[in-house]
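Visitor: A single structure is presented below for examination.
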Amino acid sequence: MKVIRLIFKLLIGAGIIYIISVMVFALKPGITDFFNRTDFDSREWINWEDTESSFGVRWNMTHDLINNYDLKGKTRKEIEQLLGKPTSESKNEMRYYLGLTGHGINTGALTFEFKNDRVSKFKIWQG
131 MKVIRLIFKL
141 LIGAGIIYII
151 SVMVFALKPG
161 ITDFFNRTDF
171 DSREWINWED
181 TESSFGVRWN
191 MTHDLINNYD
201 LKGKTRKEIE
211 QLLGKPTSES
221 KNEMRYYLGL
231 TGHGINTGAL
241 TFEFKNDRVS
251 KFKIWQG
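Numbering of the sequence shown is given in this note's numbering, commencing with residue 131 and proceeding in unit increments.
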């Protein structure tokens, strides 16, 4: 009976450790993003170069940019003054490359969609 209780306790302990490990692994990207956030700096954004030592600079600024700057309704010119020349653009869209996201080899992009020459919506893509 004591052996069965001991085995049962060991299995429960192993199960708890397994569940905690899975939770830490699943939550790590969100935790990493939270602690790597930096304030948006227009000059640093515009002058950013995609190098190994600065791969996450733009990605880490996006949270501050989208939450503290009123991007909807801005004109193309206002977006370009704030963020510099886009990586690519079309008549109704401007896209800025964000570099590596810090999650493996994923990269990101910030895309603005325009209606009547004003930002109608924007989104961050990661993949």
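For glycine and all other residues, C-beta sits at the position ideal for the given N, C-alpha and C. What you are looking at is a predicted structure, and each value in this text was computed from that prediction instead of being measured.
Just grab the DSSP bridge partners of A144 for me.
Guide: The residue labelled residue 144 in the question sits at position 14 within the sequence shown. Answer by DSSP bridge pairing: none, since A144 is not bridged.
Visitor: Anyone know if the C-beta pair for L230 and R188 falls short of 7 Å?
Guide: For the purposes of this step, residue 230 is identified with residue 100 of the sequence shown, where counting begins at 1. For the purposes of this step, residue 188 is identified with residue 58 of the sequence shown, where counting begins at 1. Contact flag unset, no.
Visitor: Return the CA-CA distance between P216 and G145, expressed in angstroms with no decimal places.
Guide: Taking the sequence shown and counting its residues from 1, one reaches residue 216 at position 86. Taking the sequence shown and counting its residues from 1, one reaches residue 145 at position 15. The straight-line gap from Cα to Cα measures roughly 49 Å.
Visitor: Would D169 and D200 qualify as a contact pair, given that the criterion is a beta-carbon distance under 7 Å?
Guide: Here residue 169 refers to the residue found at position 39 when the sequence shown is read from its first residue. Here residue 200 refers to the residue found at position 70 when the sequence shown is read from its first residue. Cβ atoms of D169 and D200: not closer than 7 Å.
Visitor: For K204, does the count of other Cβ atoms within 10 angstroms reach 16, so buried, or fall short, so exposed?
Guide: As a working mapping, residue 204 is identified with position 74 in the sequence shown. The residue in question, K204, is buried, as its Cβ has 16 or more Cβ neighbours within 10 Å.
Visitor: Opposite G238 in the DSSP bridges: which residues?
Guide: Start at 1 with the first residue of the sequence shown, and residue 238 comes out as number 108. Paired residues: G229 and Q256.
Visitor: Where do the N-terminal and C-terminal ends of the alpha helix (DSSP H) with E85 fall, by residue?
Guide: This structure cannot settle anything about residue 85, because the visible part of the chain is limited to 131 through 257.
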